[in-house]
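Novice: Before I ask anything, here is the structure I am working with.
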Amino acid sequence: MKPFDYTAPSTIADAVSLLSQHNGEARVLAGGTDILVQLREGLREAGIVIDVKKIAELRALDCCSTSGLTLGASTPCAEIYGNADVCNAYPALTDAARIIGGWQIQSRASIGGNLCNASPAADSIPALIALNAVALVAGPSGQREIPVADFCTAPGRNALAAGELLVCLQFPAPSANASSAYQRFIPRNEMDIAVVGVGSWLQLDESGQTILSARVALGAVAPTPVFAAEASDWLAGKPATEDTYRQAGELARKAASPISDMRGTAEYRVHLVGVLTQRTLAKAVQRAAG
Amino acid sequence: MTKKVQVSATVNGETVDFLCEPWQSLLDVLREELHLTGAKEGCNNGNCGACSVLLDGAPVNSCLVLAVEAEGAEITTVEGIAQNGQLHPLQQCFLEGAALQCGICTPGFLVTAKALLDQNPNPTEEQIRFELAGNLCRCTGYDKIIKAVQAAAKNLQEAN
Numbered sequence: 053m054k055p056f057d058y059t060a061p062s063t064i065a066d067a068v069s070l071l072s073q074h075n076g077e078a079r080v081l082a083g084g085t086d087i088l089v090q091l092r093e094g095l096r097e098a099g100i101v102i103d104v105k106k107i108a109e110l111r112a113l114d115c116c117s118t119s120g121l122t123l124g125a126s127t128p129c130a131e132i133y134g135n136a137d138v139c140n141a142y143p144a145l146t147d148a149a150r151i152i153g154g155w156q157i158q159s160r161a162s163i164g165g166n167l168c169n170a171s172p173a174a175d176s177i178p179a180l181i182a183l184n185a186v187a188l189v190a191g192p193s194g195q196r197e198i199p200v201a202d203f204c205t206a207p208g209r210n211a212l213a214a215g216e217l218l219v220c221l222q223f224p225a226p227s228a229n230a231s232s233a234y235q236r237f238i239p240r241n242e243m244d245i246a247v248v249g250v251g252s253w254l255q256l257d258e259s260g261q262t263i264l265s266a267r268v269a270l271g272a273v274a275p276t277p278v279f280a281a282e283a284s285d286w287l288a289g290k291p292a293t294e295d296t297y298r299q300a301g302e303l304a305r306k307a308a309s310p311i312s313d314m315r316g317t318a319e320y321r322v323h324l325v326g327v328l329t330q331r332t333l334a335k336a337v338q339r340a341a342g
Numbered sequence: 006m007t008k009k010v011q012v013s014a015t016v017n018g019e020t021v022d023f024l025c026e027p028w029q030s031l032l033d034v035l036r037e038e039l040h041l042t043g044a045k046e047g048c049n050n051g052n053c054g055a056c057s058v059l060l061d062g063a064p065v066n067s068c069l070v071l072a073v074e075a076e077g078a079e080i081t082t083v084e085g086i087a088q089n090g091q092l093h094p095l096q097q098c099f100l101e102g103a104a105l106q107c108g109i110c111t112p113g114f115l116v117t118a119k120a121l122l123d124q125n126p127n128p129t130e131e132q133i134r135f136e137l138a139g140n141l142c143r144c145t146g147y148d149k150i151i152k153a154v155q156a157a158a159k160n161l162q163e164a165n
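Sequences listed follow chains P and E, in order. Sequential numbering of the first sequence, starting at 53, is according to this note's numbering. Sequential numbering of the second sequence, starting at 6, is according to this note's numbering.
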């Protein structure tokens, strides 16, 4: 690995000032499961690595039934799915956290890092979009919010400006009769990059028969993870039946613009979007019901 | 230019101080500075799990941890699993069940399996396979490894 300096600030203000001071030279380290590989393989360079795991706000995991979930940007996956409240209220998030790499990766890798790394195939991002998460960002001129659906701008690129740091992800408080699910397709059992991933969230009416509103998001079928707006809007008011999930899958396919690569052809990926949309909606309904 | 950093950590129950470069991996320091060569460098990019160690009780790939991050941490390597000269039941069962061929992946499997049994003394076969998915073996085909973990779980439960 090329030499770099290391520092571990304990406040957001210090981290932001270090980022500005070393403009373009600094890389943020959370779990390190992407950045250390990229530095070692020469895909990215750093003069200084800023470890943000000692900043309390970036290690948050506050799950509250009224104010929602605040998830620090560097909180590791294993801690997230180890929290029963988070598993109950935001299952699409914990579905994703449970399958990013193996246990060794999950002990370190963070959802904030998965988001900032901005891979089109990132497992957590469709779940974050389906759950309507908002990124809280700190920079030299203060803090701002970016909806996760707008956070990724291109493969490996995100909306952070120079000197900005992702602090946490904020999730709306859980709604009654609502739930979510994330599923991906890979040709192996574990430890693989998604050929396609789909995250779905929905809320049912009190009878559990009708979908009040829904959000479906897709991974690995475009340069960035995408919100399937047409399918999501169409689902509102529809009966919670297999036929509805299938039709939503047909609409979600229209939001996919995949490439063909070694993981699958474009045609196969579009097919998978339909299948996984159908399955994640069914799973979310099953969870919401009970 | 960068200066070496002094790090103080607990490794296999003993307080250890070492100097490292800020960019050195924990794996590199364990092997080259502390001469604990149990953890192996397989892929050096987080895929194979041969370098697995426990960092504050959690299994991690030590190739993807900077040594400077170990300040104040408690680290367990495969060298720390046997107690008082007695092999850990996992080590005994791997031996008895011939759950290895070349042995490169074995320390990583042992460390991760120990973390699993510490957390879940009676895992199902599916749980064992799932939690050990981050450890790759290119020789045995996994079945003997899974059986050894099951046997060790049984032995540990009977001993308690």
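Where a beta carbon is used, it is the ideal one built from N, C-alpha and C, also for glycine.
Determine the direct distance from the alpha carbon of Ala104/E to that of Ala157/E, and round the result to whole angstroms.
Specialist: Straight-line Cα distance between these residues: approximately 12 Å.
Novice: Could you compute how far the alpha carbon of Gly18/E sits from the alpha carbon of Ala87/E?
Specialist: Each residue's Cα considered, the two are about 12 Å apart.
Novice: Could you say which of Ser232/P, Val247/P and Ala233/P lies nearest to Pro239/P if we only look at CA atoms?
Specialist: Nearest of Ser232/P, Val247/P and Ala233/P to Pro239/P, Cα basis: Val247/P.
Novice: Using a cut-off of 9 Å between C-beta atoms, extract the partners of Pro27/E located in chain P.
Specialist: In chain order: Pro55, Phe56, Asp57, Tyr58, Thr59, Ile100 and Val101.
Novice: Measure the alpha-carbon distance for Glu77/P versus Glu93/P and round it to whole angstroms.
Specialist: The straight-line gap from Cα to Cα measures roughly 17 Å.
Novice: Just list the residues that DSSP pairs Gln91/E with in beta bridges.
Specialist: According to DSSP, Gln91/E bridges with Gln88/E.
Novice: My assumption, with CB atoms under 8 Å, is that Ile102/P sits in contact with Pro61/P. Please give the rounded CB distance.
Specialist: That belief holds up - the Cβ atoms of Ile102/P and Pro61/P are roughly 7 Å apart, short of 8 Å.
Novice: In chain E, what lies closer than 9 Å to Glu197/P by C-beta?
Specialist: Near Glu197/P there are no residues of chain E at all, since even the closest Cβ is about 30 Å away, more than 9 Å.
Novice: How is the alpha helix (DSSP H) around Tyr297/P delimited, first residue to last?
Specialist: It spans Glu294 to Arg305 - the alpha helix (DSSP H) in which Tyr297/P sits, taken as one unbroken run.
Novice: For Tyr320/P, name the three-state secondary structure that DSSP assigns.
Specialist: Note: Tyr320/P maps to helix in three-state DSSP.
Novice: Tell me, please, whether the stretch 284 to 304 of chain P touches the stretch 323 to 335 of chain P by the rule of three or more beta-carbon pairs shorter than 8 Å.
Specialist: Touching, per the Cβ criterion.
Novice: What residue does the alpha helix (DSSP H) around Glu37/E start on, and which one ends it?
Specialist: Careful: Glu37/E lies outside any alpha helix (DSSP H) and carries neither H nor E.
Novice: Between the C-alpha atoms of Arg150/P and Tyr133/P, what's the straight-line distance to the nearest angstrom?
Specialist: Distance between the alpha carbons of Arg150/P and Tyr133/P: 7 Å.
Novice: Using a Cβ-Cβ cutoff of 8 Å, what residues of the stretch 230 to 249 of chain P are near chain E? List them in chain order.
Specialist: Those residues of the stretch 230 to 249 of chain P that come within reach of chain E (Cβ to Cβ, closer than 8 Å) are Asn241, Glu242 and Met243.
Novice: According to DSSP, simplified to helix, strand and coil, what is Val73/E?
Specialist: Residue state, collapsed to three classes: helix.
Novice: Report the start-end ranges of each beta strand (DSSP E) in the stretch 168 to 217 of chain P that is 3 residues or longer and not cut off at the edges.
Specialist: The stretch 168 to 217 of chain P contains these whole beta strand (DSSP E) runs: 186 to 191, 194 to 199 and 204 to 206.
Novice: Do you know whose CA, among Leu137/E, Ala164/E, Asn165/E and Arg143/E, lies nearest Val154/E's CA?
Specialist: It is Leu137/E whose Cα lies nearest to the Cα of Val154/E.
Novice: Which bits of chain E does Ala308/P rub up against, with CB to CB less than 7 Å?
Specialist: By Cβ distance, chain E contributes nothing, its closest Cβ being about 28 Å from Ala308/P, past 7 Å.
Novice: DSSP state of Phe135/E, grouped into three classes?
Specialist: Looking at Phe135/E - three-state DSSP - the assignment turns out to be helix.
Novice: Listed from N- to C-terminal order along the chain, which residues in the stretch 134 to 157 of chain E have their beta-carbon within a distance smaller than 9 Å of any beta-carbon of chain A?
Specialist: The chain labelled as chain A is not found among the protein chains of the depicted structure, namely P and E.
Novice: So, at 8 Å on beta carbons, what are the nonlocal neighbours of Ala281/P in its own chain, with the 5 sequence-adjacent residues on each side left out?
Specialist: Same-chain partners within the cutoff: Ala307.
Novice: Check whether the Cβ atoms of Val278/P and Val325/P sit closer than 8 Å, and answer yes or no.
Specialist: For Val278/P and Val325/P, no; Cβs fall outside 8 Å.
Novice: Confirm, please, whether the CB-CB distance from Val219/P to Glu109/P is below 8 Å.
Specialist: Yes, the Cβ-Cβ distance between Glu109/P and Val219/P is below 8 Å.
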